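Engineer: Under the numbering used here, the first residue of the sequence shown is numbered 10, with each subsequent residue one higher. Just so you know, even glycine gets a beta-carbon here, dropped at the ideal spot from N, CA and C. Treat the numbers as computed from the prediction; the structure is a model and nothing was measured. Sharing a structure, written as structure tokens. Questions coming.
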Amino acid sequence: MTMTAPGQAGPVRFEAMTHSHLEAVTALEQQAHVHPWQQRHFSDCLASAYESQMLMAGDTLLGYFVAMKGVDEVHLLNLAVAPAYQCQGLARLMLEALALWSSGQGAQWLWLEARQSNTRAIHIYKAHGFRSVGVRRQYYPAAAGSREDAVVMSLQLKGASMPEAAP
Numbered sequence: 010m011t012m013t014a015p016g017q018a019g020p021v022r023f024e025a026m027t028h029s030h031l032e033a034v035t036a037l038e039q040q041a042h043v044h045p046w047q048q049r050h051f052s053d054c055l056a057s058a059y060e061s062q063m064l065m066a067g068d069t070l071l072g073y074f075v076a077m078k079g080v081d082e083v084h085l086l087n088l089a090v091a092p093a094y095q096c097q098g099l100a101r102l103m104l105e106a107l108a109l110w111s112s113g114q115g116a117q118w119l120w121l122e123a124r125q126s127n128t129r130a131i132h133i134y135k136a137h138g139f140r141s142v143g144v145r146r147q148y149y150p151a152a153a154g155s156r157e158d159a160v161v162m163s164l165q166l167k168g169a170s171m172p173e174a175a176p
């Protein structure tokens with residue numbers, strides 16, 4: 010599928026991530042996240058057949074997402090946009106593609122965690138319809154061996170009632 014993303018001059022497409030892409034994906038991960046995944050994390054996700062898609066423009070890797078399918082839900086494990094292409098609507102485009110794929114898999118819910126300090130990502134998720142439903146205390150590694158809380162968010166895809174929001 011090829012489309013033009015908001016803010017992009019040319020067409021973009023989704024391409025399945027494979028082991029041959031891991032070096033480029035890991036390099037983007039290192040640029041985009043403070044505490045990035047290592048290449049082995051992506052390799053493990055591919056070995057587990059998690060939904061792993063890259064957003065491409067020609068040969069340029071713009072971003073990617075990795076998600077794990079459950080019984081009636083999908084859990085977004087990782088999503089990143091290359092820093093040079095941020096603020097162009099690409100994260101929203103990937104979330105829309107993930108929601109569409111998830112619905113096609115019969116999922117009723119899409120779940121994720123976001124660093125509490127990552128207000129930009131939380132804003133994007135909320136703008137896409139996600140709701141904050143809880144907090145995972147000390148979920149993420151942080152500077153100097155400390156830990157950071159995660160905001161747990163969910164998106165109802167179809168037919169389920171919303172969980173109560175956390176206080």
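Between T27 and the rest of its own chain, which residues show a CB-CB distance below 8 Å, the 5 nearest in sequence each way excluded?
Structural biologist: Taken in chain order, the residues that qualify are L55.
Engineer: Closest by CA to Y59, which one among F74, D68 and W46?
Structural biologist: Out of F74, D68 and W46, F74 has the C-alpha closest to the C-alpha of Y59.
Engineer: Rounded to a whole number of angstroms, what is the C-alpha to C-alpha distance between Q165 and F139?
Structural biologist: If you take the alpha carbons of Q165 and F139, they lie about 8 Å apart.
Engineer: For the candidate residues R49, W110 and M63, whose alpha-carbon lies nearest to that of R22?
Structural biologist: For the residues R49, W110 and M63, the minimum Cα distance to R22 belongs to M63.
Engineer: What is the DSSP secondary structure of Q62, reduced to helix, strand or coil?
Structural biologist: Strand at Q62.
Engineer: Could you tell me which residues DSSP pairs with V144 in its beta bridges?
Structural biologist: DSSP lists V160 as partners of V144.
Engineer: Skipping 5 residues on each side, what residues in its chain have a beta carbon closer than 6 Å to that of V90?
Structural biologist: Correct list, in chain order: G72, L99 and A100.
Engineer: Please list the terminal residues of the continuous beta strand (DSSP E) segment that includes M103.
Structural biologist: Not the beta strand (DSSP E): M103 falls in the alpha helix (DSSP H), residues L99 to G113.
Engineer: The alpha helix (DSSP H) spanning Y134 covers which residue range?
Structural biologist: Its alpha helix (DSSP H) spans residues T128 to A136.
Engineer: Report the partner residues of Y73 according to the DSSP bridge assignment.
Structural biologist: BP columns for Y73 point to M63 and A89.
Engineer: One question on the structure: do Y148 and E122 come within less than 9 Å of each other, judged by their Cβ atoms?
Structural biologist: In contact: Y148 and E122 (Cβ atoms closer than 9 Å).
Engineer: Considering only C-alpha positions, which residue in the set A33, H42 and E38 is nearest to S126?
Structural biologist: Ranking the options by Cα distance to S126, first place goes to H42.
Engineer: How about L31 and L85: do their beta carbons lie closer than 9 Å?
Structural biologist: Cβ distance not < 9 Å, so L31 and L85 don't count as in contact.
Engineer: Leaving out the 5 sequence neighbours to the left and right, which residues in its chain are closer than 6 Å to A83 when beta-carbon positions are compared?
Structural biologist: In the sequence under discussion, the amino acid at residue 83 is Val, which differs from the Ala named in the question. Only A76, S111, A116 and L119 meet the Cβ criterion.
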